[in-house]
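*Asks:* In short: position in the sequence shown from 1, add 102, done, that's the numbering used here.
Ideal Cβ placement from N, Cα and C applies to all residues, glycine included.
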Amino acid sequence: MSADRKFPDGFTWGVATSAYQIEGAWNEDGEGVSIWDTFSHTPGNVKNDDTGDVANDHYHRYAEDVALMKDLGANGYRFSIAWPRIFPEGTGTPNQRGMDFYNRLVDELLAAGIEPFATLYHWDLPQTLEDAHGGWRSKETAKAFADYAGFVAEQLGDRVRHYFTINEFASFVEAGYQGVDVQVGGGKTIHLGAAPAVSVSDAELKQVRHHAVLGHGLAVQAIRAQGPEGTKVGFAENIRVAVPVLDTPEHVRAAEAATRERNAGFMTVMMEGRYTDDYLASAGGTTPTFTDDELAIIASPLDFVDINVYRPGWYIEPADEAPGYRDVPINASHPKMLSSWHVFDPEVLYWAPHHMQSIWGAQSIYITENGCAASDVLTADGRVYDSDRVMFLRAYLTQLQRATSEGIPVHGYFHWSAQDNLEWMDGFGNRFGLIYVDFETLERTPKLSADWFREAVRRNAVV
Ligand code: GBH
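1) Look up residue 426 in the DSSP assignment and say whether it is helix, strand or coil.
2) Check the C-beta distance from residue 536 over to residue 558 and give it rounded, since I have them as a contact under 8 Å.
3) Just tell me which of 452, 371, 156 has its CA closest to the CA of residue 510.
4) Evaluate contact between the region 309–325 and the region 243–258, counting only Cβ atoms and requiring at least three cross-stretch pairs below 8 Å.
5) What is the rounded straight-line gap between the Cα of residue 224 and the Cα of residue 319?
6) Quick one: does the C-beta of residue 415 sit closer than 7 Å to a heavy atom of ligand 1?
7) Do residue 499 and ligand 1 come close, with the Cβ less than 7 Å from some heavy atom?
8) Quick check: the region 296–305 against the region 277–284, are there 3 or more CB pairs under 8 Å?
9) For residue 477, which residues of its own chain have a beta-carbon under 7 Å away from its beta-carbon, when the five flanking residues on both sides are left out?
10) Counting only the same chain and skipping the five closest in sequence on each side, list residues whose C-beta sits under 6 Å from that of residue 556.
11) Considering only heavy atoms of ligand 1, does any lie closer than 7 Å to the CB of residue 179?
12) Would you give the residue range spanned by the beta strand (DSSP E) that residue 285 belongs to?
13) So, helix, strand or coil for residue 374, using DSSP?
14) Where residue 514 and residue 397 are concerned, what is the direct C-alpha to C-alpha distance, given to the nearest angstrom?
15) Looking only at its chain, what residues have a beta carbon closer than 6 Å to the beta carbon of residue 155, apart from the 5 residues adjacent to it on each side?
16) Going by C-alpha distance, which of 271, 208, 472 is nearest residue 169?
17) Should the region 516–534 be regarded as contacting the region 113–122, the criterion being three or more beta carbon pairs within less than 8 Å?
18) What residues match up with residue 108 in a beta bridge as DSSP calls it?
19) To the nearest whole angstrom, what separates the beta carbons of residue 136 and residue 227, a pair I think is in contact under 8 Å?
20) Residue 294 bridges to which residues according to DSSP?
21) Terminal residues of the continuous beta strand (DSSP E) containing residue 518?
22) Below 6 Å CB to CB, which residues in the same chain sit around residue 497 once its five sequence neighbours on both sides are set aside?
23) Along the chain, where does the beta strand (DSSP E) that runs through residue 252 open and close?
24) Kindly give me the distance between the Cβ atoms of residue 353 and residue 423, rounded to whole angstroms, as I take these residues to be in contact under 8 Å.
25) Answer yes if the region 398–410 comes into contact with the region 456–471, meaning at least three C-beta pairs across the two stretches below 8 Å, and no otherwise.
26) Residue 473 and residue 392 look like a contact to me (Cβ under 8 Å); what is the Cβ gap, rounded to whole Å?
27) Could you say which of 433, 457, 387, 385 lies nearest to residue 351 if we only look at CA atoms?
28) For residue 106, count neighbouring Cβ atoms within 10 angstroms of its own Cβ and tell me buried if that reaches 16, exposed if not.
29) With three or more beta-carbon pairs closer than 8 Å as the criterion, would you say the region 360–373 touches the region 281–296?
30) Quick one: what does DSSP say residue 182 is sitting in, helix, strand or coil?
31) Can you tell me whether residue 273 sits near ligand 1, meaning its C-beta is under 7 Å from at least one heavy atom of the ligand?
32) Quick check: does the Cβ of residue 284 come within less than 7 Å of any heavy atom belonging to ligand 1?
33) Our contact map puts residue 244 next to residue 313 with C-beta atoms below 8 Å; I'd like the distance itself, whole angstroms only.
34) If I measure Cβ to Cβ from residue 310 and keep anything under 7 Å in the same chain, skipping five residues before and after, which residues do I get?
35) Just the C-alpha distance for residue 256 and residue 331, rounded to the nearest angstrom, thanks.
36) Does DSSP put residue 589 in a helix, a strand or coil?
Below, the structure is given as structure tokens:
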């Protein structure tokens, strides 16, 4: 091998999934209904009316799945806990049988030498909280979330040391409570909607965002209070990253300013404990209403900065007029991966951690998700040749390695996903796994990219 493109010693090589996307067993062992059960059971919401009722049946096949992860060489696994399994009614009496599933899973992981990283909220809100309070439209949901998070940290704390509170604020807030338009190139946008599929005003949306970050902050405090000493906690945010057109100081400064301002409702307030003036004046007017105490809770100190990174949000160049930067449109011919929204640009995996360090002084960064969907098929020889995912991995991880080689403190990478799963509104068709899943037989087959990943872990380097 020519260049030795190594990652730092102790680097975590992980894979990631979420409960609703893989577990199945949607109403087993006392689990309550989630807003995603309701959403997917309503015809027309998910492609082919696919649901998570069975999904990968991971709830019953977790031991096989852990063995497959071990075979990939993964030394970390980021999974999410289904809130309605633990508190079927959202609050109140915990459901021990639901908790026991995660006890079994964690024990299996530790026996396989894989460090568990638990996400508390990956969008499957208990339906009861939606019905009673309008979900994240109410502060009650933020409080209930903290109670649930603290309970889990207390139950798993002897074995799980790393927690992520909430996965991708924008994805469930914007898409769930209003719907979101995403730029995909050539002046085109696509509209994404998600559970609970309501449409609130701009003013109310800003309040929903506030409740989500407040829920995060309250959960950080609850996890610290109820987990043992040494428990580490952060979020897993799909930071929208501004990529500078040129790698010059002026362009980089412009991209940093755009990243800070355009993530003002989530990342910036969690890192800084204040809303920017432009955010407070933005569409929606006088909301959110908040107190200084709430801001302090939202900005509770974290142990690491954790980001999901798939695509650039914007290309930015400097401008003379306010605010000092300007968008460069994404060209119609810009390369894409299979998902409609997935603009391909490996450099985003350099700039995302770069900005975390340069804007907010992050001292420990994890890439909690990165990956791509591909049109994978099982061929007659029993293999899956996902050449584009191999290209994606090599190109993106080259950029991540560039970041670590410059001293940017990235301590781990979790590939999305361990195996093909229910890709939300896109159903089972958009396959993100290193492992192929036949959704008729539920048989699992490692793809070509699994070989790439295993070798990268073995060498702790880009291969
Ligand atoms: C993540 O969502 C999810 O956490 C995961 O459950 C999912 O399966 C996976 O990724 C693959 O989709 O990208 O900022 O320009 C990412 C899904 C995030 C894609 C928001 C569309 C649009 C805006 N989405 N994104 S942006």
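*Replies:* The short version:
1) Counted from its first residue, the sequence shown places residue 426 at position 324. In the three-state reduction of the DSSP assignment, residue 426 falls in the coil class.
2) Taking the first residue of the sequence shown as position 1, residue 536 is located at position 434. Taking the first residue of the sequence shown as position 1, residue 558 is located at position 456. By a beta-carbon distance limit of 8 Å, residue 536 does not contact residue 558. Their separation comes to about 11 Å.
3) Within the sequence shown, numbered from 1, the residue matching residue 510 stands at position 408. Ranking the options by Cα distance to residue 510, first place goes to 452.
4) They touch, by the three-pair rule.
5) For the purposes of this step, residue 224 is taken as the residue at position 122 of the sequence shown. For the purposes of this step, residue 319 is taken as the residue at position 217 of the sequence shown. When rounded, the distance between both Cα atoms is 16 Å.
6) Here residue 415 refers to the residue found at position 313 of the sequence shown. For ligand 1, at least one heavy atom lies less than 7 Å from the Cβ of residue 415.
7) Taking the sequence shown and counting its residues from 1, the one referred to as residue 499 is at position 397. For ligand 1, not one heavy atom lies less than 7 Å from the Cβ of residue 499.
8) A contact between stretches requires three or more CB pairs, one per stretch, nearer than 8 Å, and the region 296–305 meets this requirement with the region 277–284.
9) In the sequence shown, residue 477 corresponds to position 375, counting from 1. Excluding five sequence positions before and after residue 477, the CB atoms of its chain that fall closer than 7 Å to its own CB belong to 440, given in chain order.
10) As a working mapping, residue 556 is identified with position 454 in the sequence shown. In its chain, beyond the 5 residues on either side, 174, 175 have a beta carbon closer than 6 Å to the beta carbon of residue 556.
11) Along the sequence shown, read from residue 1 onward, the residue named residue 179 stands at position 77. Incorrect: residue 179 has no Cβ contact closer than 7 Å to ligand 1.
12) Translated into the one-based positions of the sequence shown, residue 285 becomes position 183. It spans 282–287 - the beta strand (DSSP E) in which residue 285 sits, taken as one unbroken run.
13) Your numbering for residue 374 matches position 272 in the sequence shown. Note: residue 374 maps to helix in three-state DSSP.
14) Locating residue 514 in the sequence shown gives position 412, counting from the first residue. Locating residue 397 in the sequence shown gives position 295, counting from the first residue. Going by the C-alpha atoms only, they are around 29 Å apart.
15) Sequence index remark: in the sequence shown, residue 155 carries index 53 (1-based). Closer than 6 Å at Cβ, skipping near neighbours: 128.
16) Your numbering for residue 169 matches position 67 in the sequence shown. Comparing Cα-Cα distances from residue 169 to each of 271, 208, 472, the minimum goes to 208.
17) A contact exists between the region 516–534 and the region 113–122.
18) The residue given as residue 108 occupies position 6 in the sequence shown. In the DSSP output, where bridge partners are listed per residue, residue 108 has 563.
19) The count along the sequence shown starts at 1 and reaches residue 136 at position 34. The count along the sequence shown starts at 1 and reaches residue 227 at position 125. Residue 136 to residue 227, Cβ: 6 Å. Contact.
20) Taking the first residue of the sequence shown as 1, we reach residue 294 at position 192. Partner residues in the beta bridge of residue 294, as assigned by DSSP, are 282.
21) Position 416 of the sequence shown, counted from the first residue, corresponds to residue 518. Per DSSP, the continuous beta strand (DSSP E) segment holding residue 518 begins and ends at 512–518.
22) Position 395 of the sequence shown, counted from the start, is the residue given in the question as residue 497. Here the set comprises 448.
23) Numbered from its first residue, the sequence shown carries residue 252 at position 150. Premise fails: residue 252 lies in the alpha helix (DSSP H), 241–258, not in any beta strand (DSSP E).
24) As a first step, residue 353 must be located in the sequence shown, where it is residue number 251. As a first step, residue 423 must be located in the sequence shown, where it is residue number 321. Contact check for residue 353 and residue 423: beta-carbon distance about 16 Å, past the 8 Å limit, so the pair fails to qualify.
25) Touching, per the Cβ criterion.
26) By 1-based counting over the sequence shown, the position of residue 473 is 371. By 1-based counting over the sequence shown, the position of residue 392 is 290. The pair is not a contact, with the Cβ atoms about 35 Å apart (cut-off 8 Å).
27) Looking up residue 351 in the sequence shown gives position 249. For the residues 433, 457, 387, 385, the minimum Cα distance to residue 351 belongs to 457.
28) Along the sequence shown, one-based indexing puts residue 106 at 4. So residue 106 counts as exposed.
29) No, the region 360–373 is not in contact with the region 281–296.
30) In the sequence shown, the residue the question calls residue 182 occupies position 80. Strand, per DSSP.
31) In the sequence shown, the residue the question calls residue 273 occupies position 171. Of the heavy atoms belonging to ligand 1, at least one sits nearer than 7 Å to the Cβ of residue 273.
32) Locating residue 284 in the sequence shown gives position 182, where the first residue counts as 1. The answer is yes for residue 284.
33) Taking the sequence shown and counting its residues from 1, one reaches residue 244 at position 142. Taking the sequence shown and counting its residues from 1, one reaches residue 313 at position 211. That pair is a contact at about 5 Å.
34) Along the sequence shown, read from residue 1 onward, the residue named residue 310 stands at position 208. Cβ neighbours of residue 310 within its own chain (closer than 7 Å, five residues either side excluded): 238, 239, 275, 279, 302.
35) Along the sequence shown, one-based indexing puts residue 256 at 154. Along the sequence shown, one-based indexing puts residue 331 at 229. If I take the Cα positions, the gap works out to 11 Å.
36) The structure shown does not extend to residue 589, since the chain is modelled only from 103 to 565, so the question has no answer here.
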